[in-house]
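Reading through the structure tokens given below for one structure.
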Amino acid sequence: VAGVREVRVVQTAEKPERRLIAVGSGKGGVGKSTLSANLAIALHRLGFRVGLVDADVYGPSQPRLMAAEGEKPTAQDKQLNPIPTRWGVPMLSMGQLVAPEKALAWRGPMASGALGQLVDARWGETDTLVVDLPPGTGDVQLSMIQKHRPMGAVIVSTPQDLALIDAARAIDLFNTAGIPIIGIVENMAGYACPHCGEISDPFGSGGAEAEAARLGIPFLGRVPLDIAIRRASDAGEPPAARDDAGAEPFLRIAEQVAA
Ligand code: ADP
């Protein structure tokens, strides 16, 4: 934690305008995009001026998650204007730059260039940028680390061993580059049966917390496997924006990230 403070001070001195929080995962489908959207909204609710960058070139899902599908950003002086969303968090997505099926064929330098356009857009007063990275440890991650120097990284994993092994690889990438790991989030933990209410653990339980302890990095909390989260996400209504218990896990995680 001492290391995190130190790096933050250096970052502030070099880039006074805003801090970048990279959200990564070892593999796809663990809920990284869902967590990124809801973390951004929860941080906004805590009083930060937050923007969201969807750098997941292989499956940009933020336009749908944030109810901004079909919107195209305009540009001014060759800089993109972020798209306002109804959740108070402006956003930009790889999916708004190019049709996803074309982005799939992008080579590394093109994806890195696109990332630069998103991060160095006209974010104005925004003080915090949450960046939803592609899964794994490819070109976009390297470019993020080398060119944009995030303040830290949040790693999302399911409780399952395989996802955890991949997550450890992602953690290693940031560690090697000297980017502090803000912590691990365990997603899809504990499933409440909608019929009988019994809690079961389809992907195991506590694995990410144990892994965080083993690696000596903070555990930021868990988000349950909940069909309401999937439905709300598909409908472009992020649970973190709700006024009920659905927002709680995300607000708790955001508090930890902001601490
Ligand atoms: P990733 O970005 O890691 O590929 P997504 O955020 O796109 O993963 O999530 C994959 C799918 O799982 C989506 O359909 C999403 O709505 C769903 N999902 C994510 N987290 C949860 C959760 N905690 N409970 C239920 N469904 C979830």
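Residue numbers for the sequence shown, in the UniProt record's numbering: 59 to 317.
Each residue gets a CB set at the ideal place from its N, CA and C atoms; glycine is no exception.
- Look at Lys136: its beta carbon is at least 7 Å from all of the heavy atoms in the ligand ADP.
- The continuous beta strand (DSSP E) containing Phe277 extends over residues Phe277 to Leu283.
- In this structure, Pro296 lies away from Ala126, with their beta-carbon atoms at least 8 Å apart.
- Beta-bridge partners of Gln137 (DSSP): Gln134.
- With respect to the 8 Å criterion, Ile275 and Ile237 are not classified as neighbours on the basis of their beta carbons.
- Look at the beta carbons and you see the stretch 244 to 263 not touching the stretch 108 to 128: under three pairs across the two are nearer than 8 Å.
- CA-CA distance, Ile311 to Val156, rounds to 32 Å.
- Within the stretch 139 to 213, the complete alpha helix (DSSP H) segments at least 4 residues long are 152 to 155, 158 to 161, 166 to 177 and 197 to 201, listed from N- to C-terminus.
- According to the DSSP assignment, Asp224 belongs to the alpha helix (DSSP H) that extends over Asp219 to Thr234.
- Rounded to whole angstroms, the separation of the alpha carbons of Asn139 and Ala133 is 6 Å.
- The beta carbon of Asn245 sits closer than 7 Å to at least one heavy atom of the ligand ADP.
- About 5 Å separates the beta carbon of Ala266 from that of Ile242, a gap short enough to meet the 8 Å contact definition.
- Going by DSSP, Val315 is part of the alpha helix (DSSP H) stretching over Glu306 to Ala316.
- Classified as exposed, Ser258 has fewer than 16 neighbouring CB atoms from the shown chains inside 10 Å of its CB.
- Residue burial is scored here from C-beta neighbours: Leu123 has at least 16 other C-beta atoms within 10 angstroms and is therefore classed as buried.
- The beta carbon of Arg227 sits closer than 7 Å to those of Gly84 and Thr195, all from its chain and outside the five residues before and after it, given in chain order.
- For Leu110, the enclosing beta strand (DSSP E) stretches over residues Val108 to Asp112.
- The beta carbon of Lys90 sits closer than 7 Å to at least one heavy atom of the ligand ADP.
- Looking at the DSSP output, Val243 sits in a beta bridge with Val214 and Gly279.
- In terms of Cβ geometry, Met149 and Leu110 form a close pair [threshold 8 Å].
- Considering only Gln154, Arg207, Glu183 and Gly86, the residue with the shortest C-alpha distance to Ala235 is Arg207.
- With contacts defined by Cβ atoms closer than 8 Å, Arg77 and Asp185 form a contacting pair.
- The residue among Phe232, Pro282 and Pro142 with its C-alpha nearest the C-alpha of Trp181 is Pro142.
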